[in-house]
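Everything on this sheet refers to the single structure shown next.
In the numbering used here, the protein residues as written are 234 to 561.
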């Protein structure tokens, strides 16, 4: 390879390992030669030479398959571009999560670990892993006093913006369906809803709050509860799209039209959001971008500082599931 490119073996090695010390012109020249000959570096040889496995672990126990897929896509693309591979590990029990992940990391020999929610929100788990001194990064989660960097987006602000838009349209009976009451996303998003209602001089009645499991079935059950109240909500904010789909189902069974008689919103902007009819207004979180940044931090392309917090902005994707209340 060095002979073909007309450069030193050290220069080729630096390009293959994504190291500095090579000019942009030389780097592009070497990369072109690599592409032209279809060269693929031997991962095992590189790992032995660098005393690394060139593997990164991604731990998850999220029930939302689309969320896990987005995590995998972001991690895989970023890792493969740096000569690494991703090892996905599903954690079965929250109670044994720390011991299970310690065994996984020792068995796999991964160079670093990406924790995804809800694992990234467990103070007990984070404390246990921090004692192992493995390079780790948390996706989402809340700030905690541990030396584990965190990459998140401000879903509290996103919920505030979403609720504020509904209030400006004239909605005064705004309900909220969250996941488990103690889950970080539920608490942050409900806090954002409360913030917006307070700013608009509105209050959220306890009967307007329901908790589920981030599943279609729990959204269906919570939606039925809310839509059979005497003084029904005119808008329902759901903490994810799966539960919003459940609300759509409940509304259809009760003969309540969306958005004419009920506005519904979700979170995640998963494929189901655009597949529902009418299409669902939802909050798009930059999952792939966050995971890609986590990989860059673990591979050393970006400095990984203990306890650092990197925050992304969320985007509200407006569709047809929201209208002025009573808009017939």
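Built from N, CA and C at the ideal position, the CB exists for glycine as well.
Original post:
Out of curiosity, what's the CA-to-CA distance linking residue 294 and residue 388?
Top reply: 20 angstroms
Subject >> Uninterrupted alpha helix (DSSP H) stretches inside the stretch 386-459 (no shorter than 4 residues) >> reply: 388-402, 417-432
Original post:
By Cβ distance below 7 angstroms, which residues in the same chain neighbour residue 532 in space, the five residues on each side in sequence not counted?
Top reply: 315, 317
**OP:** List the DSSP bridge partners of residue 255.
**Re:** According to DSSP, residue 255 bridges with nothing at all.
Original post:
DSSP on residue 353, reduced to helix/strand/coil?
Top reply: helix
**OP:** May I ask whether a heavy atom of the ligand ATP can be found less than 7 angstroms away from the beta carbon of residue 438?
**Re:** This structure does not include the ligand ATP; it has no bound ligands of any sort.
Original post:
Which ranges does the beta strand (DSSP E) cover as unbroken runs of at least 3 residues, wholly within the stretch 459-517, from first to last along the chain?
Top reply: 468-471, 496-500, 514-517
Original post:
Are residue 346 and residue 319 closer than 8 angstroms when you measure CB to CB?
Top reply: no
Original post:
Quick one: complete alpha helix (DSSP H) runs, 4+ long, within the stretch 278-329?
Top reply: 298-313
Original post:
Does DSSP put residue 276 in a helix, in a strand, or in coil?
Top reply: The predicted model places residue 276 with a pLDDT of 46, which falls under 50 and marks its position as unreliable, so this point remains unresolved.
Original post:
Quick one: is residue 277 buried, meaning 16 or more other Cβ sit within 10 Å of its Cβ, or exposed?
Top reply: For residue 277, the pLDDT reaches just 47, beneath the cut-off of 50, and the residue's location in the model is therefore unreliable, leaving the point undetermined.
Original post:
Roughly how many angstroms lie between the CA atoms of residue 515 and residue 353, to the nearest whole one?
Top reply: 23 angstroms
Subject >> Under the three-state DSSP convention, the category residue 333 falls into >> reply: helix
Subject >> As assigned by DSSP and simplified to three states, the class of residue 247 >> reply: helix
Original post:
Leaving out five residues before and five after residue 280 in sequence, what residues of the same chain have Cβ atoms less than 6 angstroms from its Cβ?
Top reply: Confidence in residue 280 is poor, its pLDDT being 46 and thus under 50, which makes the residue's placement too unreliable to answer from.
Subject >> Per-residue DSSP class, three states only, for residue 260 >> reply: helix
Original post:
Under the rule that 16 or more other beta-carbon atoms within 10 Å means buried, what is residue 275, buried or exposed?
Top reply: With a pLDDT of 48 at residue 275, under the threshold of 50, the modelled position of this residue cannot be trusted; read the value that follows with caution. Per the 10 Å Cβ criterion, exposed.
**OP:** Excluding the 5 residues preceding and the 5 following residue 518 in the sequence, name in chain order all residues of the same chain whose CB lies nearer than 6 angstroms to its CB.
**Re:** 386, 547
Original post:
Would you say the stretch 414-421 touches the stretch 451-459, given that touching needs at least three Cβ pairs under 8 angstroms?
Top reply: no
Original post:
Grouping DSSP H, G and I as helix and E and B as strand, with all else coil, what is residue 371?
Top reply: strand
Original post:
Looking at C-alpha atoms only, which residue of 313, 394, 379, 549 is the closest neighbour of residue 574?
Top reply: With the chain represented from 234 up to 561, any question about residue 574 goes unanswered, as that position is not in the structure.
Subject >> For residue 243 and residue 282, the rounded distance between their alpha carbons >> reply: Its pLDDT being 47, under 50, residue 282 is placed unreliably in this model, and the value from its coordinates should be taken loosely. Residue 282 and residue 243: Cα-Cα distance of roughly 13 angstroms.
Subject >> residue 528 - DSSP class collapsed to helix/strand/coil >> reply: helix
**OP:** Would you mind working out which of 442, 524, 471, 381 sits nearest residue 365, comparing C-alpha positions?
**Re:** 381
Subject >> Reference residue 538, options 399, 369, 373, closest by Cα >> reply: 369
Subject >> Candidates 475, 451, 449, 489, of which the one nearest residue 468 by Cα >> reply: 489
**OP:** Indicate the three-state DSSP secondary structure (helix, strand or coil) for residue 544 in the structure shown.
**Re:** strand
Subject >> Nearest-angstrom Cα separation, counted from residue 304 out to residue 477 >> reply: 22 angstroms
Subject >> Rounded C-alpha distance that separates residue 545 from residue 341 >> reply: 31 angstroms
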